Every structure is written in structure tokens, then in C-alpha cells.
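Right, one structure below, let's go through it.
Number of protein chains: 2
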Amino acid sequence: MMTPIAVGLSAVIVAADANAPYALATRLADGATGLPHGRFDPAGHRTFELGLRDWVRAQTGFEPGYVEQLYTFGDLGRELPQAELDDAPSGARLISVGYLGLTPERTDISAFDAVWRDWHRYFPWEDHRKGRPDIIDHAIAPALLSWADAGGKNATARHARIQIAFGLDNQPWIEERTLERYEILYEAGLAPEATRDGGRKSVKAPAEALGEPMISDHRRILATAIGRLRGKIKYRPVVFELMPEKFTLLDLQKVVEAILGQPLHKQNFRRSLDRSELVVGLGQFTQATGGRPAELFRFRREALREGHVSGVQTPRG
Amino acid sequence: MMTPIAVGLSAVIVAADANAPYALATRLADGATGLPHGRFDPAGHRTFELGLRDWVRAQTGFEPGYVEQLYTFGDLGRELPQAELDDAPSGARLISVGYLGLTPERTDISAFDAVWRDWHRYFPWEDHRKGRPDIIDHAIAPALLSWADAGGKNATARHARIQIAFGLDNQPWIEERTLERYEILYEAGLAPEATRDGGRKSVKAPAEALGEPMISDHRRILATAIGRLRGKIKYRPVVFELMPEKFTLLDLQKVVEAILGQPLHKQNFRRSLDRSELVVGLGQFTQATGGRPAELFRFRREALREGHVSGVQTPRG
DNA sequence: CACCTTATGCTCAAGTTGAGCAAAATGGCA
DNA sequence: TGCCATTTTGCTCAACTTGAGCATAAGGTG
């Protein structure tokens, strides 16, 4: 007999404001959180994307706008026996297709068991807007390096991976490497998911440094989404999917910073936006900011019709 | 009863030399070609990648090195009823996971029904190394534009898409947009696959301008692979997966040009390689080139351990 | 009205890119 | 042997981009 296959669809729905980047999360009875997800119905869903939209709507009341496929996860042993969660035939092999969605506002989802969560709750080491978080050097790195040392002949390779991923030892911090960082923590048994999934004993490290877990492999999918978005924001004008119709340049910069987890150089950010011709001033001003009133801008959607469109530059501040 | 799901795995295995980029293709009895592919076995394959490697080995005798997941195709109505091809239970919904693999040499596959094919056979409009191919402006654009005109209220939108994708009307040619170009041709009914798949009547255009079709949705997967590789070559040092151990800088340039379908500026290409520190001279020289002997270089694999590694610059020639 | 805050304008040095010229090192051929 | 074709390799120069910082503008507040 052939093992049946079940396809799960999971969505990372992202919003952001000047304070933080958010992911839409569903809340289970026991307080655990996960991503909006459900089974792909081969008879009822013409495409993955349509199926995904159905599930997100059903679980969060939310209608996603921009959506793109992220990755398809099919490895055995990396996920929970999630099939039960999705009421798939037991014994089925579950594979899951992750999607990334972007939205300009955190719509009201209070009627559902869903919450907008600052994604740094799941990845506290990813927020470098106020400088490199202490937990990296004080909690994460020591635990990881002791795991590396225990690696026998793999010790050197592990050391190198850790240094590159977490920017130790004068290596630069590369914000796109979100997934690599999560995978190392997982392999090292530092992510609660790893031990839960029947993995190794955890090296000790303070729980608050390791972020909140999610059900199944959802934190892995979230990490994938963050990495992809951080990369894409630089070469495609996708930030604007996260912005309201009108915004100030500082609003825009704060959102980019929230996504990247990295501060930017203000004047240079503005100059490059100027050159990019991605935005136009509206001649309207807002004094909501406390200082000199700022001009409101809008995204020039026409720019998308102009071929050469790039994303926003991200001059380090 | 639940419709069963079958997962297909398809591989785009790429090699390249100074003359052309190649994809590994399997040849069917009727002369049609396709990609190495087969069904994912949920009981026997621990991961997609392992399953894929099994199939590629079985069908081509070839052992792929570098492999990455491309995309998962699940839309109804965009593919052949391929299930039969893969002897899936009839009535099953087929979804297919595409992979990209890179290899430094075209190994001997003569014992199998497999061939290394210059991928421009499938996409003749993609090769701009000797300048923009005439077929774009003489055959493809006219046919597409007449399709656009027939689009009623969609006519303007279609025009814009075509101009951007094919670089008409002074728009730049952007080599990564391989998939967009193929999809437009498909939608316009110009790809033989489209009419075969029960689609619309084809606008007329000379067959040799439209490229050779492939079975099922394999040409779409190939287009996805080309676009991805063309992008990635610029920001990750993946070209070197296509190079032999030792090579001259011109060899390297020719391979990059073959992949991009675009000529590069020689001196500037060298200068940027120099700065990148991705290669080191070996002090050995080859006079295989006819002129002054060229130094042999190798890829500094250590560079991968250095965090900031980018791909190769591609200064337009 | 001084002063705090934020927006916006401007400058300057350093680095990168695009484009081309010139010299060097080989083989082939008169 | 000497000239030529061919290719590698070195060098230059202008245009542009980036990183960094200073200066000024335009609001609100005590």
C-alpha cells in the first residue's frame, strides 16, 4: 500500500509599523501559537494560493493582498507529527508549502483566535535596531560554541558556521541569514521545537534568549519568510505593500528598519529614495511628528510599469 | 472520498561551457524531451532531495552535486494530465516540486535516454550574446502584440507586460525575467504546450522562433530555473559550481555570459573579480587560447567561509 | 523668544563603474 | 627574422554612487 500524502498550506502574513514587524499568528487552546494553516484540498482548491487564502480568511478573518510562495518543506523528522493537527488520515506523509503575504495594516482580528505578534518574540536575536542584542554574545554564542566543541570532528565546521551566521569574531551580521541562524539553534538542540521533535538534549541557555517556540515547523517557516523578505526588500519595491497610502519618509524608513532589524542612515536613505523615483511628494504635510512638519509621499505604482525598478537601498546607519 | 495527491519531482540539471548553457534532458520514444523526473515516494524517500537524486541517477546515470529547491507547481489547468506519465493512481492531483542542480562537467550519459541540450533550443529568444535576436522583433513581438490587441479591456495591461518582459520600446532587457516571458507566450497561446493543454488557438508565429516544447510543464520549470540561476549568479558565488577545478578568466567570463545570455565587458569583469577575491591565480599558464597565454585560476573555496561573499559582477559589454 | 525636535538641503572625500587605450606575450606566416 | 593576428593584462579618466557629517528650515513648548 502506498503511503498517502497530505499537503499543508501555511502563511506568514506580515505587517509592520514604526515600532515593529508583525506576523499574524493563531492561538491554540494551550496558549501555543502557530501560523494560519490548513490542508490543501486537491478536489476543492484549484491552486495553492486560493486554498491558502481560504484558510487564512477562515482562521483570522483576514484577506491577504500580496502573496508569494516561499518554500516547500518535506523532510521527515524535522516536523511534528502535524498530520493530526490537520486531521489528515493518520499515517499520511505531510508536506507543507509555505507562503509569504504582506499587508499595509493590522486589520482587526479580535473576533478570531489570532494575534499580530512582533516577530522578535520568536527571534529576539534578530533585532539590531538598537545595536547588537546582548543575548547573542552572552547567552546564545556560549551555548552554541559549547555544542560546537562537543562535535568531535565536526567541531571546526560548526564553529565556522556559527561565526558566519551570528557575526561572531568580526564577521559581519547579515540580516538575510535568519533561517541559517534558526537552523543552527535547532540542530544544537537549543530550540524547544528540536527537543520536542524527539531530538537531542538541549544545552542549557536561558529560555528568554531563545525566543518563543511555535507549533510544528512554523517557526522555521517564519524564519524563511523573514530572510526572504529582508532580501527582497532590497531588489524589489515590496516595502510599499506594507505601507499605507500616504506616509512620511521617516515612516518608510522605520518600516524598513523594522523588517531588516537594522538602523539606516537617514539622509542617505532619503537621497537614494529620491534617485529611485519610487515615491512622489504630495505637497501635503503632517505635523504629527513633533518637529518640523514632514511631507507626505505616496508610492508611484506606475514605477512598476517601468521595467528597471529596484527595491530600496539600505545604507547602514 | 478524498482525491489522492501525487508529488512529482523534476530536476533542471545545468552545465555550461564557453559555447552554451546546457540542461540535462530525457528523451522519450516519440522524440519529445523532458526533464529528469519521477514520483516522490512518501514511504521510501526521507527528503525530497534524496528522492530527486534517486530519480536523476536512475534516468540519466548522473550524480548531481549542488542542488536547490526552485518552486512547487500545483495549479490545475497549467499542466498536462501528467499523472499517467508517472503512473500515479489515475484521478490523483499532481503537484510538482522543481529543483535546480549545477555541475561542472557534462558527464557521459550516452548509456541513457538522456541528452545535454543547449537550453536556447527551448528559449531561442533568451540568447543575447551576439546582440538581441531578430526573432524577438520580427516574429515574437508582432504575434504577442496582436494577441494583446485582441484583449479588449486588457489590451493596455497586456501591452505593458509585453513591453517590460521583452524589452520593447526602449525598455531594458532584463535577463532574469525568463519565466515572465515564457508565461506570456503561454498565455498568448504561442507556446505549443498551451494549445496542447486544451488552451486557446494559437496566434500564428513561425515555430522556430517559439522554441521546442517539452512534455508536461517542464519548460515552465526550466524557465524558472534559468531565471533563478541568472539572478543568483550575481549575489552568490554559484558560477563556480559550473567550472572545472582550473580555468582561465576568459573561460569564467564565457560561462557567465552563456548563463546570462548577455555579453560582458572584459576588463571590468576582470577588475571586479580581482576585487572580489573569489579566485586566485595559480601561477600556471595555458596557451590553448591562441594568443598570449592565460593564467589559470581556481575558486577560493575558503571565500565561502568569509561571510560577505557576493556573486560575480556582470558589467554589460 | 530661546530652545527642543524633526525635516530637509548641501558638501566633500572615497570608492565604484563604464569605457577605452596601450603594452606584453604568444603562434603563424611571409 | 620580422611583421601580424590574437589574446592577456595593465592603466587611465570621467561619471556616478556611497558614507558621513554639517547647516539650515519649520514646526511646537515653556
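Protein sequences, first through last, are from chains A and B.
Under the numbering used here, the first residue of the first sequence is numbered 5, with each subsequent residue one higher.
Under the numbering used here, the first residue of the second sequence is numbered 5, with each subsequent residue one higher.
Here a beta-carbon is modelled for each residue, glycine too, at the ideal position from N, C-alpha and C.
For clarity, every value in this text was computed on a predicted model and none was experimentally measured.
Leaving out five residues on either side along the sequence, give the residues of the same chain with a beta carbon under 8 Å from the beta carbon of residue i.
| i | result |
| --- | --- |
| B:PHE301 | LYS250, PHE251, THR252, LEU253, LEU256, VAL283, VAL284, GLY285, LEU286 |
| B:ASP173 | GLN167 |
| B:LEU277 | LEU253, LEU256, VAL283, VAL316, GLN317 |
| B:ILE144 | TRP129, PHE170, LEU189, LEU194, ALA209, ALA213, LEU214 |
| B:GLY48 | GLY55 |
| B:TYR70 | GLY105, LEU106, THR107, VAL242, GLU245 |
| B:ASP21 | ARG110, LYS258, VAL259, ALA262 |
I'd like to check one pair, residue j with residue i: are the Cβ atoms closer than 8 Å?
| i | j | result |
| --- | --- | --- |
| A:LEU32 | A:ALA229 | no |
| B:GLU180 | B:GLY102 | no |
| B:PRO128 | B:GLY215 | yes |
| A:PHE170 | A:PHE244 | no |
| B:ALA118 | B:GLN175 | no |
| A:PRO40 | A:VAL60 | yes |
| B:ARG110 | B:TRP120 | yes |
| A:LEU268 | A:VAL259 | no |
| B:GLY65 | B:ILE113 | yes |
| A:ASP221 | A:PHE44 | no |
| A:ILE9 | B:ILE9 | yes |
| B:ARG50 | A:LEU80 | yes |
| B:ILE225 | B:VAL16 | yes |
| B:TYR75 | A:GLN271 | no |
| B:TYR186 | B:ALA159 | no |
Does residue i pass the burial test, meaning 16 or more other C-beta atoms within 10 Å, or should it be called exposed?
| i | result |
| --- | --- |
| B:THR107 | buried |
| B:THR182 | buried |
| A:SER14 | buried |
| A:PHE289 | exposed |
| A:SER100 | buried |
| B:VAL18 | buried |
| B:PRO297 | exposed |
| B:GLY294 | exposed |
| A:ALA292 | exposed |
| B:GLN86 | Any reading at B:GLN86 must be qualified, since the residue scores a pLDDT of 48, below 50, and its modelled position is unreliable; the value itself is stated next. With 16 or more other Cβ atoms within 10 Å, it is buried. |
| A:VAL11 | buried |
| B:ALA211 | exposed |
| A:HIS68 | Checking the displayed sequence, the identity of residue 68 of chain A turns out to be Pro instead of His. Buried: at least 16 other Cβ atoms inside 10 Å. |
| A:ARG279 | exposed |
| A:ALA115 | exposed |
| B:GLY42 | buried |
With a threshold of 6 Å on Cβ separation, who are the neighbours of residue i within its own chain once the five nearest residues in sequence on each side are excluded?
| i | result |
| --- | --- |
| A:ILE219 | ALA36, GLY38 |
| B:LEU189 | ALA195 |
| A:ARG125 | GLU216 |
| B:HIS163 | ALA152 |
| A:ARG320 | none |
| B:ALA24 | ASP122, ALA262 |
| B:THR7 | ARG97 |
| B:VAL313 | PRO241, ALA307 |
| B:HIS132 | GLY265, GLN266 |
| B:GLY155 | ARG162 |
| B:GLU88 | For B:GLU88, the predicted model reports a pLDDT of 48, less than 50, meaning its position is unreliable and no value from the coordinates is stated. |
| B:LEU149 | none |
Since residue i meets chain A, which of its residues come closer than 7 Å, beta carbon to beta carbon?
| i | result |
| --- | --- |
| B:HIS312 | PRO176 |
Find the residues of chain B that neighbour residue i, judging by a C-beta separation of less than 7 Å, and give them in chain order.
| i | result |
| --- | --- |
| A:THR7 | PRO46, ALA47 |
| A:ARG279 | Under the 7 Å cutoff, chain B gives no residues; its nearest Cβ is about 17 Å from A:ARG279. |
What residues of chain B sit near residue i, judged by a beta carbon separation below 9 Å?
| i | result |
| --- | --- |
| A:THR318 | Ordered by position in chain B, no residue passes the 9 Å Cβ test against A:THR318, which lies about 14 Å from the chain. |
Anything in chain B within Cβ reach of residue i, meaning under 8 Å, just list it in chain order.
| i | result |
| --- | --- |
| A:VAL101 | THR76, GLY78 |
Check the Cβ of residue i against every Cβ in chain A and list those closer than 8 Å, keeping chain order.
| i | result |
| --- | --- |
| B:ARG97 | PRO46, ALA47 |
Does at least one heavy atom of the ligand ZN sit under 7 Å from the Cβ of residue i?
| i | result |
| --- | --- |
| B:HIS124 | Looking for the ligand ZN in the displayed structure turns up nothing, as the structure carries no ligands at all. |
Tell me which same chain residues have a C-beta within less than 7 Å of the C-beta of residue i, skipping the five on either side of it?
| i | result |
| --- | --- |
| B:GLU197 | TYR190, PRO217, ARG223 |
| A:GLU281 | ARG304, ALA307 |
| A:PRO248 | PRO108, GLU109 |
Along the stretch 54 to 79 of chain A, what residues have a CB closer than 7 Å to any CB found in chain B? Listed by position along the chain: GLN73, TYR75, THR76, GLY78, ASP79.
Within 7 Å of chain A by C-beta, residues of the stretch 137 to 167 of chain B in sequence order: For the stretch 137 to 167 of chain B, residues whose beta-carbon sits nearer than 7 Å to a beta-carbon of chain A comprise ALA164.
The stretch 11 to 40 of chain A: positions lying closer than 8 Å to chain B by Cβ: Flagged, chain order: VAL11.
Against chain B, which members of the stretch 199 to 233 of chain A pass a CB distance test of less than 7 Å? Per Cβ criterion, the list is empty.
Identify each residue in the stretch 176 to 190 of chain A for which the Cβ-Cβ distance to at least one residue of chain B is less than 8 Å, and report them in chain order. So the list reads PRO176, ILE178, given in the order they occur along the chain.
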